[in-house]
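Protein chains in written order, with this note's numbering: chain A, 20 to 153; chain B, 134 to 938.
Idealized CB from N, CA, C, for every residue including glycine.
Note that this is a predicted model, so its numbers are computed, not measured.
Report on one structure; see the data block that follows.
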Amino acid sequence: MIKKLKLSDKNVDFLKKIEELSGEVITRCDQCGICSASCPMVSEMDITPSQLMRMVQLGESEVMESKAMWLCASCFTCTVRCPRGLDLSKVAEALRQVELRQAIDHIDVKKLSKDEMKRLPQIALISGMRKFTG
Amino acid sequence: MKKDSRARIGVYVCHCGGNISEVVDVEEVVGFAGKQPGVILSKNHTHMCSDIGQQLIIDDIEEHDLDKVVVAACSPQFQGETFMRVLETAGLSPYVVQMANIREQCAWPHFDTPELATKKAKELVNAAIAKVRFSEPLEKKTMPIGKRVLVIGGGIAGIQASLDLGDAGFEIYLVEKEPSIGGHMAQLSRTFPTEDCSACILSPKMADVQSNPNINLLTYSEVENVEGYLGNFKVKVTKKPRYVDMDKCVACGDCEEVCPVDIPDEFEEGLTTHTAIYTPFGFAVPHRNLIDPEACINLQRDINSCGNCIEVCKEDAINFNDKPEEIEFTVDTIIVATGYDIFNPSEKKVYGYDKFKNVITALEMERMIVKAAEGNPIRDPGKRIGFIQCVGSRDEQVGREYCSRVCCMYATKLASLLKHSKPERDIYVFYTDLRAFGKGFEEYYKRAQNMGVKFIRGRVAEVMEDSGSNKVILKAEDTLTRQIIEAEFDTVVLSVGMGLSKSTDKIAEMLRLAKSEDGFLKEAHPKFKPVDTNREGIFLAGTVQGPKDIPDTVAQASAAASRAVRLMNQREYPIEPIVAFVHEEQCDGCELCIDSCPLNAISISAEVAEVNEALCRGCGSCVASCPRDALDLHMYTNKQLLEEIKNALEGKEEGETRILVVADDTCTYRLADSVGTAKLSYTTDSIIIRVPSGSRITPKLMLAAFKLGADGIFIGECEDRTSPFPHSGQVIRENITKVREILKEEGIKPERLRFVQFVTIMLKGFVDNVNGLVNYAREAGAISPEKREKLVENVNKRLFGEEYD
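And the structure:
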């Protein structure tokens, strides 16, 4: 099924919120895709970084359901390559903040088994811990 | 002053068919003007600009022996020239008419307060009367101009400009730093979108340059120095030694056979080599051998180390004692056509140009295609070929924000040519946005798609190499399907962008030409003077002004030629008499003024300052630099401005506030006109003083204005980048800093003096700034007459230091 995209004030507000939180002018992204092809985590993602930027541009809050922003390792490869000088890691962080500030789900680190601790990527643990401070 | 008593001024107040008279009480203004000193008659008319209105002035000048005229009507930007012509017709200097702008700057913005508008109209007329009373009957001057042109750069732009001018009978010096003319176009395989063979269409033009009797071709030569101005540029050129006598050499090639040294061939982008004695390329003009002194054994070591070429040369053309030759000549105009350099792909390390053999530039691919077509293939680029677009274009990471305009189409062309010669090739173009805006471009793009070239919308992130096969691996996102492509290519072509050529920097500095933000040379006006520069008589042609394809370059070169002809065909050209001048009796030759002029128009001669009227553009910045008040500006003399300010403030009554708005002619004055035309209302407690540039208002005039009753001064100027005087902002800032210090010392708030740089669309900004300063001055309260008086005490000492007391 092809999704229909509605453009309403809600979309504008969502974009505004992310721009405010990240400090980046997200509409400046011209969708060249250099971030996606540079991203070391892209193969794990459900949407590419440039797709994430596009969704935020159009104010699609469904982007919150994607796991891409949680996989961003803040390695800044995209940032140093972006021809428009955008800092995508800040955008990913802004999206994470939107989720975290709702303080919906918590991870109790103590409850994680040793095996899980071993297999979990560090970034996931860090993200998990930060949910307490959100 | 004598002039004062002799002035016989006529004042004419225009109704403008109701535009003015519906707000301003014209009769009252006429009555007021008639009572002013020196005013012989004062009249009104419904349309002063009409034939009848104009005739009225002409008849009055005759009948009443008027020698000065004030027209209170619309903006001088609108009808100023009309009334200057009227005075000329009547036999007076066109510079003794002054317009009081009571439409755009009174009736229109003050439509809602007719009484105050009438009062302000009187102030404006009074100011104009004062200014005209001290106006000088200047004459339009002319300078002789000949028909000689220096064209710098022998690429297609320089060739086109030279041919146009040569054909029109002008005398051209075409200077090219390389041993042959032709430029980048000579290197190209074919041209998009028509696929004409580049060399085939260029070589006849190059031959025309050589055979044109009006073109002096100076190849392998560099412009060392240029001094002077329009009609009198003194040029020094150095001709580099070729070590081969051009008159004797027949380019038979015997010497090349025996030369033992091989060096990379620049024309072939280093893909092949040539000997130390060589001809630049097959269709070079002039087609003569020369020796590369860096490579030749004889020139590098001992003069007798080799000598193979001397032995075989039947024409006895080789001369190891050749020396650089200096040539000097004078020209009237200059065309700068120094072109571009391709972006150095080594700067973009992720694309591996320096490391990987099969990553090449588009220019290298051009040469590979030409060589293959000639039957001397350098190497086969293989089956799968990828193009990376926007290398050194649209990329903030390398400091180049602009689009180079040609890469989309040349990549399309190279892809088409490669596909055409071997249809089994699999070609991909990785692009950011595909720009096919020119005539026939979109059709050409479609044709390439028809041939099976694949265009992928995604910027390449990185390039790797398979060390075994030397195949190149690209990584990019296909942004249209959101897939990451990681694929192997036999050859990867970098579509490198354009940047200003390195050699242009020296030329630009020598000619004092401005650069735009993208680093290319700046045109005088982006819309209406696209080939003129900030220097009169110097023009731009081709990519030196910004990235361009060949047709645009040729069009611009012809435009530059025609702009040059426009000046030179008159045999003499008019120069504005609004230039700086020196009161010689006051000048002590201290030289403080010399550095104040960005055009180097001031020099010291016989111990007094002298202004070069051909160079001076009349900004008036220099006036402030003179502690002796010896420098002045025609049409805006110190006396005129002082009297104008005095009269402008005369109407201020007890308890009222007045600010002066010093408006530069190019931006702020026009902006104020636009504000009026839009009927945006602002306070009548402001009055506009027109100047060529805000830098003309010296600290002394500012202090005098405060003394004479101004409660605030607001200086408006163009932004530096749009200003005809890019230096003026800096001068104004320096001037107001000095004045603010003095204001502070006397206990007057320094914020009463303000400076804003405008663009002409900031209508609301103008209104807010004017209202803002008036409100500020009102709240700050009146300045006591004692304080005002003290401002002008010891002013020289305070502005210039003890020694100028």
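So with Cβ pairs under 8 Å, would you call T565 of chain B a contact of chain A?
-> It does; some Cβ of chain A falls within 8 Å.
What separation, rounded to the nearest whole angstrom, lies between the Cα atoms of I511 of chain B and T624 of chain B?
-> Cα-Cα distance, rounded: 13 Å.
Near G153 of chain A, which residues of its chain fall below 7 Å by C-beta distance, leaving aside the five closest residues on each side in sequence?
-> A caution first: G153 of chain A carries a pLDDT of 42, below 50, which makes its placement in the model unreliable, though a value can still be read off. These residues qualify, in order along the chain: L119, R120 and A122.
Taking the alpha helix (DSSP H) that K639 of chain B falls in, what are its first and last residues?
-> Unbroken alpha helix (DSSP H) run through K639 of chain B: K635 to L644.
Put Q582 of chain B into one of helix, strand or coil per three-state DSSP.
-> It is helical.
Own chain, CB closer than 6 Å to I53 of chain A, minus 5 neighbours either side, in chain order = For I53 of chain A, where only same-chain residues beyond five positions count, the Cβ hits under 6 Å are R100.
Cross-strand partners of S736 of chain B (DSSP beta bridge) = Looking at the DSSP output, S736 of chain B sits in a beta bridge with B:E743.
C-beta neighbour in chain B for D65 of chain A, strict 8 Å = Chain B, which has no Cβ nearer than 8 Å to the Cβ of D65 of chain A, makes this no.
Looking at chain B, which residues of the stretch 49-73 of chain A have a Cβ within less than 9 Å of any of its Cβ atoms?
-> From the stretch 49-73 of chain A, only D49, Q50, C51, G52, I53, C54, S55, A56, S57, C58, V61, S62, I66, T67, P68, S69, Q70 and R73 have a Cβ closer than 9 Å to chain B.
Could you please give me the residues that DSSP links to C851 of chain B through a beta bridge?
-> According to DSSP, which records beta bridges pairwise, C851 of chain B is partnered with B:F891.
Looking at the structure shown, is G316 of chain B part of a helix, part of a strand, or coil, going by DSSP?
-> DSSP places G316 of chain B in helix when its eight states are reduced to three.
Per DSSP, what kind of secondary structure is Y353 of chain B in: helix, strand or coil?
-> Three-state result, Y353 of chain B: coil.
Starting from the C-beta of K136 of chain B, find all residues in its chain whose C-beta is less than 7 Å away, skip the five residues before and the five after it, and write them out in chain order.
-> Any reading at K136 of chain B must be qualified, since the residue scores a pLDDT of 43, below 50, and its modelled position is unreliable; the value itself is stated next. F267, listed in sequence order.
Alpha helix (DSSP H) segment containing K109 of chain A, residue limits | Looking at the DSSP string, the run of the alpha helix (DSSP H) that includes K109 of chain A is L107 to L119.
Proximity winner among B:M597, B:V370, B:A263 and B:P857, relative to L283 of chain B (alpha-carbon distances) | Out of B:M597, B:V370, B:A263 and B:P857, B:V370 has the C-alpha closest to the C-alpha of L283 of chain B.
Partner residues on chain B for V99 of chain A, Cβ-Cβ distance less than 9 Å = The answer, in chain order, is Q530.
Per DSSP, A620 of chain B forms a beta bridge with which residues?
-> Partner(s): B:L607.
So, does the CB of K608 of chain B fall closer than 8 Å to a CB anywhere in chain A?
-> K608 of chain B belongs to the set of residues whose beta carbon lies under 8 Å from a beta carbon in chain A.
Whose CA, out of B:V308, B:V156 and B:K310, lies closest to the CA of Q238 of chain B?
-> Proximity to Q238 of chain B across B:V308, B:V156 and B:K310 peaks at B:V156, based on C-alpha coordinates.
In chain order, what residues of the same chain lie with their CB nearer than 6 Å to the CB of S175 of chain B, ignoring the 5 residues before and after it?
-> Same-chain partners within the cutoff: V144, V163, A166 and G167.
Collapsed DSSP secondary structure at M276 of chain B in the structure displayed | Reduced to three states, the DSSP call for M276 of chain B is strand.
T215 of chain B (DSSP reduced to helix, strand or coil) | Helix at T215 of chain B.
contact_flag[the stretch 835-842 of chain B, the stretch 800-810 of chain B] where n(CB pairs < 8 Å) is 3 or more | Segment contact: the stretch 835-842 of chain B against the stretch 800-810 of chain B, fewer than three CB-CB distances shorter than 8 Å; contact not assigned.
Is the CB-CB distance between K655 of chain B and K648 of chain B below 8 Å?
-> Going by C-beta atoms, K655 of chain B is nearer than 8 Å to K648 of chain B.
Please go through the same chain and pick out, in chain order, the residues whose beta-carbon is closer than 8 Å to the beta-carbon of I822 of chain B, but skip the five residues on each side of it.
-> Excluding residues within five positions, the ones whose Cβ falls inside 8 Å are A260, L774, E777, I778, A781, L793, V794, V795, A796 and I830.
Whole runs of the beta strand (DSSP E) within the stretch 751-801 of chain B, excluding any shorter than 3 residues | Segments of the beta strand (DSSP E) lying fully in the stretch 751-801 of chain B: 764-766 and 792-797.
DSSP three-state assignment for L298 of chain B, whether helix, strand or coil = Of the three classes helix, strand and coil, the one that applies to L298 of chain B here is helix, per DSSP.
Selection from B:T406, B:I292 and B:P419 that minimises the alpha carbon distance to C382 of chain B = Relative to the Cα of C382 of chain B, the nearest Cα in the group B:T406, B:I292 and B:P419 belongs to B:P419.
For M134 of chain B, I'd like the list of residues in its chain whose CB is within less than 7 Å of its CB, leaving aside the five on either flank, ordered along the chain.
-> For M134 of chain B, the predicted model reports a pLDDT of 38, less than 50, meaning its position is unreliable; a value from the coordinates is still stated below. Here M134 of chain B has no same chain residue with a Cβ atom under 7 Å from its own Cβ, once five neighbours each way along the sequence are excluded.
For A254 of chain B, go through chain A and note every residue whose CB falls closer than 7 Å to its CB, in chain order.
-> Chain A residues near A254 of chain B: none, gap ~48 Å exceeds 7 Å.
Give me the Cα-Cα distance between L189 of chain B and Y535 of chain B, rounded to the nearest whole angstrom.
-> Approximately 56 Å, taken between the alpha carbons.
In its own chain, which residues sit with a C-beta less than 7 Å from the C-beta of N603 of chain B, not counting the 5 before and 5 after it?
-> Contacts found: K490 and N491.
Can you find at least 3 beta carbon pairs, one from the stretch 417-435 of chain B and one from the stretch 378-395 of chain B, that sit closer than 8 Å?
-> Taking a cut-off of 8 Å for Cβ pairs, the stretch 417-435 of chain B and the stretch 378-395 of chain B touch, as three or more such pairs fall below it.
State the Cα-Cα distance for the pair R517 of chain B and C446 of chain B, rounded to the nearest angstrom.
-> Cα-Cα distance, rounded: 47 Å.
Which of the three DSSP states, helix, strand or coil, is assigned to E458 of chain B?
-> Assignment of E458 of chain B by DSSP, reduced to helix, strand and coil, places it in the strand class.
Cut-off 6 Å between Cβ atoms - residues of its own chain near S85 of chain A, not counting five sequence neighbours on either side | So the qualifying residues of the chain are D65 and I66.
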